[in-house]
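Heads up: the structure comes next, in structure tokens.
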Amino acid sequence: MKRMMMVLVVMAAGLWMAGPVMASSPLSACKSCHDISATKKSVMGPPLFGIMGAKPVGAGITVAVWDDKTMDQWLLDSKKVSSQSKMVYKVADGAKRAAIIAALKDLK
Ligand code: HEC
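In this text, residue positions in the sequence shown follow the numbering used here: the first is 519, and each later residue adds one.
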């Protein structure tokens with residue numbers, strides 16, 4: 519019985535530790551179209567490094583700077599921010615958008 523408990527504890531610890539490693543970064547989906555490194559290369563879209571607080575570069579984007587509110591709107595539906603937006607990717611889940619915005623703030 520004692521041995522059985524030990525096995526369970528070890529398994530639970532294993533799962534707990536695997537969690538953060540297996541969970542991908544909130545920005546992993548962006549990487550297919552954006553460079554998130556300090557190299558700031560343009561891929562499909564403009565580089566995202568240092569984007570929070572920066573002025574938008576895309577055509578037709580009327581927001582002054584990227585902040586929590588404007589980035590949230592862009593990720594929800596970029597067409598609402600710029601009718602000319604070429605970014606088709608959308609994030610419907612508000613919690614995911616918040617996690618993405620927090621991760622973008624770390625890119626500096
Ligand atoms: C399928 C490709 C694709 C994916 C995935 C994608 N983007 Fe984009 N993104 C684009 C393109 C293309 C543009 C340029 C849009 C334009 O200028 O009309 C863009 C533009 C942007 C801009 C505007 C930058 C500026 O200043 O003009 C932001 C911010 C942005 N993306 C953030 C993100 C984030 C954050 C993610 C991940 C959650 C993401 N994008 C995922 C293609 C993508």
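From the three backbone atoms N, C-alpha and C, an ideal C-beta is built for every residue, glycine too.
Proximity test, residue i beta-carbon vs the ligand HEC heavy atom, cut-off 7 Å
i    : result
M570 : no
V606 : yes
G593 : Gly is not the amino acid found at residue 593; the sequence shown has Leu there. L593 Cβ: within cutoff of the ligand HEC.
V575 : yes
V609 : yes
L566 : yes
Under 8 Å between C-beta atoms of residue i and residue j
i    : j    : result
V583 : G568 : no
P565 : K559 : yes
R615 : D595 : no
G578 : Q602 : yes
A621 : S543 : yes
L593 : I618 : yes
For residue i, the nearest candidate out of the options (CA to CA)
i    : options                   : result
T580 : S600, W592 and V561       : S600
G612 : K587, K598, D624 and M605 : K587
Contact with chain B by residue i, beta-carbon distance below 8 Å
i    : result
K608 : The structure shown contains no chain B; it is built from a single protein chain.
Complete beta strand (DSSP E) runs within the stretch 540 to 580 (minimum length 3 residues, chain order): Qualifying beta strand (DSSP E) stretches: none in this window.
Taking only runs of the alpha helix (DSSP H) that begin and end inside the stretch 585 to 612, which ones reach a length of at least 4 residues, in chain order? At a cut-off of 4 residues, the continuous stretches assigned as alpha helix (DSSP H) that sit fully inside the stretch 585 to 612 are 586 to 594 and 596 to 599.
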